[in-house]
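Worksheet: one structure, shown below.
In the working numbering, the protein residues as written are 7 to 271.
Here you go:
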């Protein structure tokens, strides 16, 4: 049973005790494997009274707790009691069905403009999930701001701003039948074995679980701008208790590294 189905069952049950005060969260980038997983984890959480997703065309939703916000309405300041946290997910392209085609798909180059609209909308907290080829990033950039666009977003005055750098999933294109192409694919596969274990890709569901828990715990953290390095996302994927890891990291406690499993040859 998926997390979304669990969320639906929870909405029909009268036995679950909900917090008296629950927040609202806005997701930009609900399409794709990662975006869909983020939505499912947010809907499964009891911390949010409503999960809104930005759409580029009308979409009827029947999931309790899920609402839509037209992309054109992002620049408008909503009524009181609207979202306090936004999550922007930059996801990989994939074959999309009709429902996913309705979700707005942000592009990295639009981040400064998008973040400015969200700030103008009144949002106080922003999480940006940015897939990266982690092995190619210098250590300083894994833990700091990577470019001028990220610096521009940091200057907008969000109470909490978090950049999540997760290892990028490898391309899923099928190998060519040409012998030279197969040889090139084999060489690239051997090179991937040399990437440090904690820089290797993490399943989207694990990244989404970590991101959702960050959104839950962020209001209790000291205000400021933070960058989650790929190694921490990998570490979260190894843990049973992701919430404890998130709370420790937000308090500035360095996570104790798990023992990597040997790579299969």
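C-beta: ideal position from N, C-alpha, C; glycine also.
As the structure is a computational prediction, the values presented were derived from the model and not from experiment.
Q) Can you round the beta-carbon distance between residue 95 and residue 40 to whole angstroms, since I take them to be within the 8 Å contact cut? A) The count along the chain shown starts at 1 and reaches residue 95 at position 89. The count along the chain shown starts at 1 and reaches residue 40 at position 34. Correct: roughly 6 Å between the Cβ atoms.
Q) Using 8 Å as the threshold, is the segment 103–120 in touch with the segment 221–236, meaning 3 or more CB pairs across them? A) no
Q: Count the CB pairs spanning the segment 122–131 and the segment 35–54 that are closer than 8 Å, and state whether there are at least three.
A: no
Q: Measure from the alpha carbon of residue 251 to the alpha carbon of each residue in 30, 221, 216 and 90, then state which is nearest.
A: Taking the chain shown and counting its residues from 1, one reaches residue 251 at position 245. Nearest option by C-alpha distance: 216.
**Q.** In DSSP terms, what residue 166 is bridged to
**A.** Locating residue 166 in the chain shown gives position 160, where the first residue counts as 1. DSSP lists 131 and 230 as partners of residue 166.
Q: Could you tell me which residues DSSP puts in a beta bridge with residue 136?
A: As a position in the chain shown, residue 136 is number 130, starting the count at 1. DSSP lists 171 as partners of residue 136.
Q. Are residue 80 and residue 74 closer than 7 Å when you measure CB to CB?
A. Translated into positions along the chain shown, residue 80 becomes position 74. Translated into positions along the chain shown, residue 74 becomes position 68. Going by C-beta atoms, residue 80 is not nearer than 7 Å to residue 74.
(Q) Could you compute how far the alpha carbon of residue 119 sits from the alpha carbon of residue 160? (A) Walking along the chain shown from the start, residue 119 turns up at place 113. Walking along the chain shown from the start, residue 160 turns up at place 154. C-alpha separation (whole angstroms): 12 Å.
Q) So, residue 57 versus residue 36, is the Cβ gap smaller than 7 Å? A) Position 51 of the chain shown, counting from 1, holds the residue named residue 57. Position 30 of the chain shown, counting from 1, holds the residue named residue 36. Not in contact: residue 57 and residue 36 (Cβ atoms no closer than 7 Å).
Q | Bounding residues of the beta strand (DSSP E) (the contiguous stretch that carries residue 54) | A | By 1-based counting over the chain shown, the position of residue 54 is 48. Start and end: 54–61.
Q. Excluding the five sequence neighbours on either side, which residues of its own chain have a C-beta within less than 8 Å of the C-beta of residue 248, listed in chain order?
A. As a position in the chain shown, residue 248 is number 242, starting the count at 1. Excluding sequence neighbours, residue 248 sits near 215, 216, 219 and 242.
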